[in-house]
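The opening position of the sequence shown corresponds to residue 3 in our numbering, with each subsequent residue numbered one higher.
Cβ coordinates follow ideal geometry from the N, Cα and C atoms, glycine included.
Bear in mind that the values here come from a model prediction, so they are computed numbers and not experimental data.
As structure tokens, the structure follows; a few thoughts come after it.
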Amino acid sequence: LSKMFQARTVKKHYIALVQGQVAQEGSVEVPLITDWENRPRQIVHFELGKHAKTLFQPLIYDEKNNQSRVLLEPVTGRSHQLRVHMMHIGHPIMGDKLYHPEPKRFR
3 LSKMFQARTV
13 KKHYIALVQG
23 QVAQEGSVEV
33 PLITDWENRP
43 RQIVHFELGK
53 HAKTLFQPLI
63 YDEKNNQSRV
73 LLEPVTGRSH
83 QLRVHMMHIG
93 HPIMGDKLYH
103 PEPKRFR
């Protein structure tokens, strides 16, 4: 099993509830690095960060609550990758107290 993960023959998928309307599928490919002053947070850093890529696909949009349910697939496996990537494109994960600290109602 560990060899399958190393060879990237195993894929992980996650379903997340995010803020805002994710209109179309796409990818986020920005490098991540530990924010040492605010550990365990990770940040986007184009010069020193390590390559990270996430694929995303919208599933359902809840207009009343302005929230989207999305399918996420981390291509790489960086710490907090999905959380940082979704925040980076303006759709933070609902209920994420580290990267989206403003409490919002979610279902």
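**Asked** Between E49 and D37, what straight-line distance do the alpha-carbon atoms span, to the nearest angstrom?
**Response** As a working mapping, residue 49 is identified with position 47 in the sequence shown. As a working mapping, residue 37 is identified with position 35 in the sequence shown. Rounded to whole angstroms, E49 to D37 spans 14 Å at the Cα level.
**Item:** Environment of S70 [buried if 16+ CB atoms lie within 10 Å]
**Value:** What you label residue 70 is simply residue 68 of the sequence shown in a count that begins at 1. Label assigned to S70: buried.
**Asked** Could you give the residue range of the alpha helix (DSSP H) that holds L84?
**Response** Start at 1 with the first residue of the sequence shown, and residue 84 comes out as number 82. That run of the alpha helix (DSSP H) goes Q83 to H90.
**Prompt:** Based on Cα-Cα distance, which residue from G28, N67 and I62 lies nearest to E75?
**Reply:** Counting from one through the sequence shown, the residue named residue 75 turns up at place 73. Among G28, N67 and I62, the Cα nearest to that of E75 is on G28.
**Request:** Using a threshold of 8 Å, state whether the C-beta atoms of P94 and Q44 are closer than that.
**Result:** Here residue 94 is taken as the residue at index 92 of the sequence shown, counted from 1. Here residue 44 is taken as the residue at index 42 of the sequence shown, counted from 1. Contact: no.
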